[in-house]
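Read the structure below first, then the notes.
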Amino acid sequence: MPRPLAARTTNVVPPEGTALFLIGMRVTRPWRVRAWLAVFAAMPKMLIHLRRRPEAGMLGAQLYLGGSLMVLSYWRSADDIRRFAADPDAPHLPVWRWFNRELADTGSVGIWHETYVIGEHETVSSGMPPWGLVRAVGGCAVDASTATAGRRLERSRNGPSG
Numbered sequence: 026m027p028r029p030l031a032a033r034t035t036n037v038v039p040p041e042g043t044a045l046f047l048i049g050m051r052v053t054r055p056w057r058v059r060a061w062l063a064v065f066a067a068m069p070k071m072l073i074h075l076r077r078r079p080e081a082g083m084l085g086a087q088l089y090l091g092g093s094l095m096v097l098s099y100w101r102s103a104d105d106i107r108r109f110a111a112d113p114d115a116p117h118l119p120v121w122r123w124f125n126r127e128l129a130d131t132g133s134v135g136i137w138h139e140t141y142v143i144g145e146h147e148t149v150s151s152g153m154p155p156w157g158l159v160r161a162v163g164g165c166a167v168d169a170s171t172a173t174a175g176r177r178l179e180r181s182r183n184g185p186s187g
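Every number in this note's numbering is 25 more than the matching position in the sequence shown, counting from 1.
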């Protein structure tokens, strides 16, 4: 398990156009194990593919498991996400086509995603290992210029010097 950072931390200002991509699945018919397990097993293959190819644009990803599965990932741009999704040589497109052909209308498993191009934002953590945007783009100790949520939001509007 990663060790918590010693200081209260906020993210460094990410490059303009950085995108947050959330994707997940929800098992709706647990007895259809073959259906949902195939969807579940596809995600690690995609993440391994992306981690081995930084040029694809994924900056970092974290997996969450609860009542459903979710992957939180940061990308250089929304265009990088779309390129990966449509790349016939990457693992996403064949799985997506298979899902739509074989599973989409069965009600066995639901899938979803959301894409956000990062604009105004603020982050803070304390007693945590690098997480979320800090893990993806880097972190810095909170100081007087980033001590409050309002100041961190202002920094996201004006850049690191403003």
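Note that the Cβ used here is the ideal one computed from N, Cα and C, for glycine as well.
Looking from the CA of residue 60, the closest CA among 131, 175, 30, 31 belongs to 131.
Rounded to the nearest angstrom, the Cβ distance from residue 133 to residue 53 is 6 Å, consistent with a contact under 8 Å. Unbroken beta strand (DSSP E) runs of no fewer than 3 residues, entirely contained in the segment 43 to 100, are found at 44 to 52, 83 to 90, 94 to 100, following chain order. Residue 123 carries a helical assignment under DSSP once its states are collapsed to helix, strand and coil. Between residue 164 and residue 36, the C-beta spacing is below 8 Å.
Residue 180 and residue 38 do touch by the CB rule: their CB atoms are close to 7 Å apart, below 8 Å. The beta-bridge partner set that DSSP reports for residue 136 consists of 50. Checking the DSSP bridge columns, you'll see residue 142 partnered with 44. Assignment of residue 171 by DSSP, reduced to helix, strand and coil, places it in the helix class. For residue 151, the three-state secondary structure derived from DSSP is coil. In the three-state reduction of the DSSP assignment, residue 129 falls in the coil class, being assigned neither a helical nor a strand state. Judged by their CB atoms, residue 140 and residue 63 are not nearer to each other than the 8 Å cut-off. Classified as exposed, residue 138 has fewer than 16 neighbouring CB atoms from the shown chains inside 10 Å of its CB.
In the three-state reduction of the DSSP assignment, residue 184 falls in the coil class.
Under DSSP, the beta-bridge partners assigned to residue 166 are 34. Taking 8 Å as the cut-off, the Cβ atoms of residue 89 and residue 83 do not count as close.
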